[in-house]
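Right, one structure below, let's go through it.
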Amino acid sequence: MVKLYNVTKIYDNGIRALTDVTMSINKGEFLFITGPSGAGKTTLTRLIQREELPTRGQVIFDGKNIARIRPREMALFRRRIGMVFQDYRLLPRKTIFENVALALEIAGEPWREIKKKVPAVLDRVGLLSKVKSFPGQLSGGEQQRVSLARALVNKPCLVIADEPTGNLDTENARELIRLLLEINSEGTSVLMATHALDIVNTLGKRTVSLDEGRLVQYEGRGTYRYGA
Amino acid sequence: MALRVLWRWWREALLALFRNGWLALSAIGMVLVSLLILGFVCLLALNAAHVSRIVEEGIEVSVFVDEELAPDLVVQLGKELGRIEGVTGVTFIPKEQALEKLKEDLGERSGLLTGLEDDNPLPDAFRLKPEDASLAPAIARQAEALPGVEKVRYGEGVVEKLLSLTNWVRVAAVGLVVIFGLAAMFLTMTTIRLSIISRQEEIGIMKLLGATNWFVRGPFILEGIIIGSAGAMLAAGFLYWGYSSLVEQIGRATFVFIQPVAGSEVALPMFGSLLACGVLLGALASTLSVHRFLTV
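If you read the protein sequences in the order shown, they are chains A and B. Here the first sequence is numbered in numbering that gives the first Met the number 0, starting from 0 and rising by one per residue. Here the second sequence is numbered in numbering that gives the first Met the number 0, starting from 0 and rising by one per residue.
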C-alpha cells in the first residue's frame, strides 16, 4: 500500500534525517518502526503523511507518487490516513465530542451522521462518558484514546501512530495497543513508530529498524535489539 | 452544502469568541479604541474643512464706481462685471444704501455724518461673489481694468493669508486622518493577529486532519469580521453620543459665530464608514494571519 524508494531527507538546516531508505507497508499489516531517538522515525511518518517531501527518492501511496499530489487533492489524501501523535494534538478549546467530530466535518459528513458516528467511536475507546469534557480535563491515556478515536472515525485505510505510548503508563499503553490491534484485525493497516522495545518484542509483528537515518533491519519480527 | 458550510463558520466563529472570551473582548476593545481615535480625528478634520469653507464663502470683491459715470453706463458696468470668469453673483449697492450702512456701523457716533445726505461722498458700488475664494485676486484685477471703475477692494493681503491658512488646515486634516487611519489599521490588525497566533497549533492540526484552507480560514475570517464590526459599532455609538452633546453645548453658547457640522448630519456617514473600516480590517487581519499558518 505504501512504498518508499531510496528516500533521503535532508532538512533545510542541513540535518540529514533519512538516508536511502527503501521499504513498504502492506495492506492490512501491523508494522513497527523502531530505533533510538533521532533515528528518523518521526521523519518517516511525516513523509508518508506528506507533511514533508523527500529530498531524494519517492513515496508511493496506493500507486501514486505523493509528491505529485496537487494542493487541491491534499486534503482528500490526508483523510485516508488516521494520525495518532505522542502529544495527542487535540484542540484544547474544543470538547472531546467536537475534537472527534472535526475529522468528520473536514471530510464533509452531514451533521446527523456526525451525531451517530462520534458517540459510537468514543464508546469503542471507552470514553463515551467524557463527550462534554475538554482535553485538559482528561488524563494522558484518555487524551490519547480521544486522539485514536479521531483517527478512526473516518475509517482510514492506514493509521500512523508516532510514539503513541511515549507519554503513557504501562496500563494505558497496553489499552492503546489493544485498540490498535483490534482495528488492525478489522483490516486497517497500522504503522507504529516506537522505541518501546517491550511492546515490539511482545507482539512479534514485522519490525523495521532505523539507526541514524539508515535502515538496519527490514524483515525481522520483534526480538530485535538495537545499539547492542 | 453552501448553507451547511456557512452555518459551520458561524457556529465555529461564535464558539471560538465565546470560549476565548477575554481575548475576544480585549480585541474588540482595541478596535474600539483605535476607531474611536480615528473617528475623533475625522470629525475634527470635517469641522476644520467646514469652518474653512464658511470663512471662504464670506470673501467678496467690492467694486467702487466712478462718480462721473452716467446711470445707464453703471447698469452696463454691472452686466460686464457679471461676465467676468468666476463671478457667481453681482449685487449693486447704491451710495445711499452705503451711507445708511455706514451710519448703522457707527452707531452712537453717526452724528458725524449728519448733513452728508445731500452731498454723499460715498460712491456707488458692486459686490461680486467669487465662485471660489482663491479667484478673488484675479477677479479684482479684471474688474479694475474695466472703464468706469474707480477702485477695487477684496481685503488684499488678508485674503491671501486667510486662504493659505485654510489650505494648511485642510492639508493638516487630511494628513492627520491618514496617520491615525494607518495607526488604527496597525493596531487592529496586530490585535487580531495575536489572537490567531495564539491558536496557530489548532490550524496545523486541522490541516493535518485533511482540512482544506477554506475550512480553516472561514471561521477565522468571520471571527475577525465580528470583532471588527463590534468594535466599530461601539466606537460609532460613543462618538455620536459625544459629538452630539458637544454640538448641543456649542449651539447654546452665544459667542460662537460658526456652528459645527450637525450631529445628525455626520451620524450615518460616520456609522457607515467606521463599520466598513471595522469589517474590512477584521477580515483582512484574519486572512493575512491565518495565511501564514496554512502551509502545513
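All C-beta atoms, glycine included, are put in the ideal place defined by N, C-alpha and C.
Pick out whichever of the options has its Cα sitting closest to the Cα of residue i.
i      : options                        : result
R10/B  : W110/A, M191/A, R173/A         : W110/A
F185/B : L280/B, R291/B, F292/B         : L280/B
S128/A : F96/A, F31/A, V199/A, Y4/A     : F96/A
V152/A : G140/A, G165/A, E108/A         : E108/A
I92/B  : K78/B, R126/B, S228/B, E79/B   : R126/B
T169/A : L178/A, S23/A, T21/A, G140/A   : G140/A
A192/A : T44/A, Y4/A, V6/A              : T44/A
L76/B  : T113/B, P120/B, R52/B, Q141/B  : Q141/B
K160/B : P136/B, L181/B, G180/B         : P136/B
R149/A : N166/A, A106/A, E174/A, G165/A : A106/A
S272/B : P218/B, L121/B, F39/B          : F39/B
A124/B : E103/B, K102/B, T90/B, E99/B   : T90/B
A182/B : G209/B, E107/B, I36/B          : I36/B
G180/B : L14/B, M29/B, C41/B, A26/B     : C41/B
V117/A : V145/A, S23/A, L30/A           : V145/A
P129/B : D71/B, L111/B, G81/B, V157/B   : G81/B
K2/A   : G125/A, L190/A, A102/A, L101/A : L190/A
E28/A  : I47/A, L196/A, G186/A          : G186/A
T189/B : L274/B, L238/B, A69/B, M29/B   : M29/B
I257/B : R52/B, D118/B, N119/B          : R52/B
P120/B : K94/B, V278/B, Y242/B, K100/B  : K94/B
So which residues of chain A does residue i contact, with C-beta pairs closer than 8 Å?
i      : result
N19/B  : R92
L7/B   : Note that residue 7/B corresponds to Arg in the displayed sequence, not to Leu. Going along chain A in sequence order, the residues near R7/B (Cβ under 8 Å) are E104.
F39/B  : Correct list: empty, because the minimum Cβ distance to chain A is about 36 Å.
E222/B : Result: empty, since nearest Cβ-Cβ is about 12 Å, beyond 8 Å.
Is it buried or exposed, residue i, if we count other Cβ atoms within 10 angstroms and call 16 or more buried?
i      : result
K131/A : exposed
G226/A : Bear in mind that a pLDDT of 47 at G226/A, under 50, signals an unreliable position, so the model cannot answer this.
K115/A : exposed
R88/A  : buried
K25/A  : Contrary to the premise, residue 25/A reads as Asn rather than Lys in this sequence. Exposed.
G262/B : buried
P301/A : The requested residue 301/A does not occur in the structure, where chain A is confined to residues 0 to 227.
W213/B : exposed
T42/A  : buried
A144/B : exposed
N12/A  : exposed
Y10/A  : exposed
Q136/A : exposed
Q143/A : buried
E155/B : exposed
R174/A : One point to set straight first is that residue 174/A is Glu, not Arg, in the sequence displayed. By the neighbour-count rule (16 or more Cβ atoms within 10 Å), E174/A is buried.
N64/A  : exposed
E103/B : exposed
G39/A  : buried
E104/A : buried
V157/B : exposed
S184/A : exposed
R55/A  : exposed
Would you mind telling me which residues of chain A sit closer than 7 Å to residue i, beta carbon to beta carbon, in chain order?
i      : result
T211/B : A74
F214/B : I105
Anything in chain B within Cβ reach of residue i, meaning under 7 Å, just list it in chain order.
i     : result
R78/A : G209
R88/A : I204
I0/A  : Residue 0/A is actually Met in this sequence, not Ile. What M0/A touches in chain B: nothing, since even the nearest Cβ is about 18 Å away.
Going along chain B, which residues have a C-beta under 9 Å from residue i?
i      : result
L101/A : I204, M205, L208, A210
Hey, residue i and residue j are a contact pair by Cβ (cut 8 Å); roughly how many whole angstroms apart?
i      : j      : result
V177/B : V289/B : The Cβ separation is near 28 Å, so there is no contact.
W8/B   : L221/B : 5 Å
E66/B  : P122/B : 6 Å
T21/A  : Y4/A   : 6 Å
E55/B  : A1/B   : 54 Å between Cβ atoms; not a contact.
Between residue i and chain C, is there a C-beta pair that is closer than 8 Å?
i     : result
E56/B : In the structure shown, chain C does not exist; the protein chains are A and B.
Chain B partners of residue i, CB-CB under 8 Å?
i     : result
M82/A : L207, L208
Interface residues of chain A around residue i at Cβ under 9 Å?
i      : result
E201/B : L90, P91, R92, K93
Compute the minimum distance between the beta carbon of residue i and the heavy atoms of the ligand MG, and state whether it is under 7 Å.
i    : result
K8/A : Looking for the ligand MG in the displayed structure turns up nothing, as the structure carries no ligands at all.
Taking three-plus beta-carbon pairs below 8 Å as touching, is the stretch 186-199 of chain B in contact with the stretch 20-32 of chain B?
yes
Does the stretch 139-157 of chain B come into contact with the stretch 53-62 of chain B, if we say contact requires no fewer than three beta-carbon pairs (one atom in each stretch) closer than 8 Å?
yes
Decide if the stretch 80-87 of chain B is in contact with the stretch 196-203 of chain B; the criterion is three or more beta carbon pairs, one per stretch, under 8 Å apart.
Look at the beta carbons and you see the stretch 80-87 of chain B not touching the stretch 196-203 of chain B: under three pairs across the two are nearer than 8 Å.
Check whether the stretch 155-174 of chain A and the stretch 71-83 of chain A touch, using three or more Cβ-Cβ pairs below 8 Å as the test.
yes
Is the number of C-beta pairs between the stretch 62-79 of chain B and the stretch 131-147 of chain B that are closer than 8 Å three or more?
Counting Cβ pairs under 8 Å, three or more are found: they touch.
Any 3 or more C-beta pairs closer than 8 Å across the stretch 244-251 of chain B and the stretch 223-234 of chain B:
no
Take every Cβ of the stretch 60-79 of chain A, pair it with every Cβ of the stretch 203-218 of chain A, and state whether three or more of those distances are shorter than 8 Å.
no
Looking at C-beta atoms only, is the number of pairs between the stretch 158-174 of chain B and the stretch 47-56 of chain B that lie closer than 8 Å three or more?
yes
Taking three-plus beta-carbon pairs below 8 Å as touching, is the stretch 14-23 of chain A in contact with the stretch 195-203 of chain A?
no
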